[in-house]
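Working notes, beginning with the structure itself.
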Amino acid sequence: MRRRSLVTAGLLLPLAARVVSAAPAATPVTPALIDAATKEGKVTYYTAMDLSVAEPMARTFEAKYPGIKVTVERSGAERVFSRIGQEMGSKIYRVDVVNSSDAAHFIFWKRQGWLAPFVSTEMARDLPAEMLDADGLFCNQRTHLSAIAYNTKLIPPEDAPKGFMDLLQPKYAGKLVKGHPGYSGTIMTATQQIARELGWSYFEKLAKQKVLQVQSATEPPKRLEAGERGVAVDGSDYLFWMAKERGLPIEVVLAVEGTPQISNPMGIFKSSPNPNAARLLVSWIMSGEGQSFIVNLSGQYPANTQVKPKPGRPVLSQVKTFKEDPAAVEQQADQIKAQYAKYFKV
Amino acid sequence: MTAKAPRLFDVSRPVLIAVAALLAILIALPMGWLIVTSFSTKDGQATLGNFVTLFTDPSFLDPLLATLLLSVSVSVICCAVAAPMGWLVARTDMPLSRTVRTLVMASLVTPPFVGAVAWEMLAAPNSGLLNQLWRLITGAPDDEALFDIYTFEGLIFAIACYTFPYVFILVANALDRMPGELEDASSMLGARTWATARRITVPLALPTLLAGALVAFLQTLNQFGSPAILAIPAGFHTLTTKIWSLFQFPPKPELASAAALPLLVLTVALLRAQSLVLGRRGYAVLGGKYGAPRLIRLGPWRWPAVGLALFVLSLPLFLPYAALLNTAFSKVSSQLITPQTFTLHNVVFTFGELSSTLPALQNTFVLATATATVGGLLALLIAYIVARRAVVGHRVLAFLATAPLAIPGIVLGVGLFLAYTRPPLTLYGTLWILLIAFVTIELPAAYQQLGSAFHSVHPELEEAGRMLGATRLRTLKDITAPLLRSAAIATWCFVFVGVIRELSAAVILFTSETKVLSVLIFDLKESGDVGAIAVLSLTMVILTTVVIVIANRIGGSVRLTSRVAG
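Chains as they are written, first to last, in the working numbering: chain A, 1 to 346; chain B, 1001 to 1566.
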C-alpha cells in the first residue's frame, strides 16, 4: 500500500512544486516535551473520526500521559472545516490538533498559513514520504474507504449490489441510505471521485431512488445496523466492518467500478493554545502504539509502515480504488455541494 | 402621581434610562446588523441582490413555501386536536381531567428536537418500533411501513405533537373562564346540548382558538430542531434549516440575513394580528360575577373520552419516552430491550468516554442559572417600573421587554452573530453572547409573568412605605419583594427550563468551547449516535423536571406559556 498511496499524486506533489520544500527537523519525544505538555494539561482534538474510535483513543492517550486531558470535538469534516473557519475568522484559538476526512482542507489551511510544522522522530523514520507533507505541516493519520454495504437480513446476498450502477435498479428504490457531502468529508471526497468516474448523471439518477439522506459518513453504518435501510450507498467502511465483527448482519461491497479512497490528514494549528500537548498527541497517534490502537480497534489502514493492517480486512493494495484528488476537491467543493443539492434537494 | 413630586434623591429616572438603553442595545444592535447585512454584498456594498436570490432561486423559494405550508398544516391540526381536548378537560365531567391537564403541561418539558429524534425511533419506515410492531401483527412484508416519519406529513405530525399543548392551554384556560350562565340561558330557552355548544360555546371560544392557531403557526415557522432532524433525511429544507446551512463554509451571512427577514416580518405581523384577535376576547367576561361553568355530562362517553385524551397524550409523551428509554439501554436501538440486549454501554459511553458531556452540562447549567438570575432581575425591574408607572415613559419599557417575542431564535442568533463578531464587543466564542441571546429570548415571558404578579400586589402597600419616608428601592426591598417571592422563584425556574431546551439561537452562536447540551445532542444526531442522544435527552428532561418540581414546591404552579425554543 506504500506504493499506491493516495496523498502522493493529488495532494503533495502540486504543493511541493509550488513552495520550496522546508521539512522541519525531526523532533524526538523528550521528557522535556512531556513535561511541557503536562504543564499545559489539555489538548483539543478536532476530528471527523467516529466517536467510538476517537474517544477511546483519547482515553488511551490520557492513560499513557496522566495529567493531559484530551477533548475530542467531533463532527462531520465539512462542519469541522466551517467551525475552524468561523473561529479563526473571529480570532478564537481553540483547535490544537485537527484531523479531517477531506484532505482538501489541508490545502486551504496550508495556504492560509494556519498550520505549524511538526515531524516526530518516529514519523520521519516510519512514515512513507507520500504520507507526509513536504513542509511537515501535516501527515496522513490513516486511510479508509467509502464503501457500499448491505444488511443481509433485509437484502439476501444474491440480491446484493455489485457496484454503483447496480444501485440504480428499481429494486433498490426506497432501500438506500447515504451521507451528505455538505457535512461529511468522506462523502465530499467520495462524491468528487464518483462524479469524475461515473459522471454527475449518476447522482441525478441515484437521487430518484428515494434515498434516505443522512449527514455524516458515520451515520449510514448505524442506519444499516438498525435495519432502517437495506443498502448504504456510502459510509466509513471501518464502521461497517466493526458492526459485522460485533455479529451484526452486515456485508461490505467493494464496487466493481472502484471504491472511493479517503485519506485522513492531521496537523497542528500555529495558533494552538497547547502546542506541546498537541505535538505529544500527534507523535503518539502516529507512533507504532497509536497506529496499532486505531488498527486494532477499527481496522483502518495505518500510515505507519511499522504497523500491519488488521487481518481479515481487504488488503488495500488489492482493492480497486478510485484515485484521490484533494486539489480537485478543493477547487470544486462549492460546485459539488451546489450540484448535489440540485439533485438531492438538501 | 409620583413623577411630579419633588424628591431629595430618587434613582428611578437614571434606572429607567439605563434599562431602556440596555434593552434597546439588546434588540436594536442585532436586528440593525441583520437588516443592514441583508441589504449588503459580501464587500459591504448596498444591494437588493440577496432578496432577488431569495425570491427567485428555487433553493430558497422551495423552503419558503414548504415552511408556510408546514406552519398552516400544523396550526390547523393543533386546533383540531386541542379544541376538543380543551373542551373535554374544562367543560365536561370527564374523569382524570386534572391528570390530563398536568400531563399535557408535562409534554411541554420535552424539547421538540428530542421529540423528533424519539419519533424517528418509533416511526422510521423500517427500523421504527411502531412499524415493526405493525408488520409483526399484520404479517406485512419487510419493506412495507405503516408510518414514514421522513416525509412532509411526518414532520407536520412531529411538530404538531409538541405544539398542540400551547393551543390546549389557551383553549382550556379560556373555557375555564367562560361564564356558565350564557350556556344555562341557552338551555333554559330550550336549546339542546349541541345547539348550545354550537351557538354559545364555540363562538365564545373562537377568538381564543384563532389566537391558538397563530401561536402554533409562529412556533412552527420558527422551529429549527425538528425540521433539521426530519426534513433533511426527507430531502427538503425549511427556512430555518436553510438559514442554518448558509453558515457552512464559506458562510454567507448576507443571504442568511435576507432569508431571516421574512421570518421576522411575518412574526411581527402575526403577533400584531394575535393581539387584535385577543383584544376582542373581553366581551366574554363582561358584567359582574359569574358562576363556575356548568360541566356537561358525558354519560356513557366518559371513558371513551378519557381513552381519546390518553391516546393523544401517548403521542408527545408515553410513546417517545418509551422509545428513548429503549434506545438508552439497548444494544441496537431498533430492537426492544430483552435481558440479552440490555446494556449500560450508552450510559458509560456518554458519561465516561464522551469528552463533550461534562463541559456541555456545565455550560448549560452556568448559562441557565445566569440567564434565570439576570433575566429574572431585569424582568422584575421592568415589571415594577411598568406596573407602578414609576416614571414617564414606562410604556416604552413594556414594549421593549415584549419585543423579543417577535424575534425568532434563529434570527436572533444570526443578528447576534453579526453584531458581536466585530469590535467593539467581540463576544462571539464566549458564554456572554449566549447569555445575551438567552436573556433576550426569555425576557418577554419572564416580564409577562412578573408583570401579572405585580398587578396582584396593591400599590397602597408601597405607598404606605414611601409615606413613611423610605426610598423607592427600600420600599421595593422591604415590602414588594417578599410579596412577590413565589412569582419570582417561579419565573426563575421557568427561564432556567427555557434555556436548557433552547437550540435555534445556540446552534448559530456556539463555538466548541461554549457548546451546550442541546447543541451536543444535535451534533450527535449528525453522526447517528442515537444511544448517547437518548441518554443525554433523558438526562436533560430529568434535570428540567426536577427544576419544575422544585419550582412547584417553592413558588406555586409554574406556568409554561409563551414560547418554545427549538
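For every residue, glycine included, the Cβ atom is placed at its ideal position computed from N, Cα and C. Just so it is clear, the structure is predicted and the values come from calculations on it, not from any experiment.
Local Cβ density within 10 Å of residue i, reported as buried at 16 or more and exposed below that
i: B/P1404; result: buried
i: B/F1438; result: buried
i: B/W1303; result: exposed
i: B/A1185; result: exposed
i: B/T1402; result: buried
i: B/T1041; result: exposed
i: B/D1093; result: exposed
i: A/H105; result: buried
i: B/P1339; result: exposed
i: A/A129; result: exposed
i: B/I1410; result: buried
i: B/A1024; result: exposed
i: B/E1179; result: Note that residue 1179 of chain B is Pro in the sequence shown here, rather than Glu. Flag for B/P1179 reads buried.
i: A/S236; result: buried
Check whether residue i and residue j have beta carbons under 7 Å apart
i: B/A1379; j: B/A1487; result: no
i: B/A1258; j: B/F1055; result: no
i: B/L1430; j: A/E87; result: The residue asked about is misnamed: residue 1430 of chain B is Thr in this sequence, not Leu. Against a cut-off of 7 Å, the Cβ pair of A/E87 and B/T1430 comes out as no contact.
i: B/L1503; j: B/F1113; result: yes
i: B/T1220; j: B/V1074; result: yes
i: A/G288; j: A/Q306; result: yes
i: A/I187; j: A/G199; result: no
i: A/Q291; j: A/P309; result: no
i: B/L1435; j: B/A1506; result: no
i: B/T1238; j: B/P1063; result: yes
i: B/A1368; j: B/V1499; result: yes
i: A/N219; j: B/A1124; result: Correcting the residue type first, residue 219 of chain A is Glu in the shown sequence and not Asn. Contact: no.
i: A/I336; j: A/T191; result: yes
i: B/T1350; j: B/V1519; result: no
i: A/L176; j: A/V214; result: no
i: B/A1360; j: B/V1268; result: no
i: A/D96; j: A/A77; result: no
Beta-carbon contacts of residue i that lie in its chain and below 7 Å, excluding the five residues immediately before and after
i: B/P1459; result: R1388
Bridge partners - residue i, DSSP secondary structure assignment
i: A/L212; result: A/V177
i: A/V80; result: Looking at the DSSP assignment, A/V80 forms no beta bridge with any residue, so it has no partner.
i: B/A1470; result: Note: B/A1470 sits in no beta bridge, so no partner.
i: A/T71; result: A/T44
i: A/M165; result: DSSP, once it has assigned bridges, lists no residue as partnering A/M165.
i: B/T1092; result: B/I1296
i: A/Y150; result: A/V231, A/E251
i: A/H144; result: A/I262
i: A/L115; result: A/F269
i: A/Y301; result: A/T143
i: B/V1072; result: According to DSSP, which records beta bridges pairwise, B/V1072 is partnered with nothing at all.
i: A/V97; result: A/Y45, A/I268
i: A/T321; result: A/T259
Cβ shell of residue i (< 6 Å), same chain only, five flanking positions each side left out
i: B/L1484; result: A1453
i: A/I194; result: none
i: A/A255; result: I148, G163, F164
i: B/Y1166; result: V1215
i: B/Y1162; result: P1112, G1115, P1316
Alpha carbon of residue i to alpha carbon of residue j, nearest angstrom
i: B/P1444; j: B/A1231; result: 30 Å
i: B/R1422; j: B/S1226; result: 31 Å
i: B/T1426; j: B/I1433; result: 9 Å
i: B/A1481; j: A/G85; result: 48 Å
i: B/L1146; j: B/A1260; result: 36 Å
i: A/V53; j: A/K222; result: 14 Å
i: B/Y1150; j: A/G230; result: 16 Å
i: B/I1489; j: B/L1509; result: 28 Å
i: B/D1529; j: B/S1127; result: 15 Å
i: B/I1197; j: B/L1175; result: Here the sequence assigns Ala to residue 1197 of chain B, which means Ile is not the residue at that position. For B/A1197 and B/L1175, the distance between alpha carbons rounds to 12 Å.
i: B/S1330; j: A/M49; result: 23 Å
i: B/I1077; j: A/K64; result: 57 Å
i: A/L206; j: B/E1442; result: 45 Å
i: A/D334; j: B/N1222; result: 28 Å
i: A/W352; j: B/F1152; result: Residue 352 of chain A lies beyond the stretch modelled for chain A, which goes from 1 to 346, so this question has no answer here.
i: A/P273; j: B/W1244; result: 29 Å
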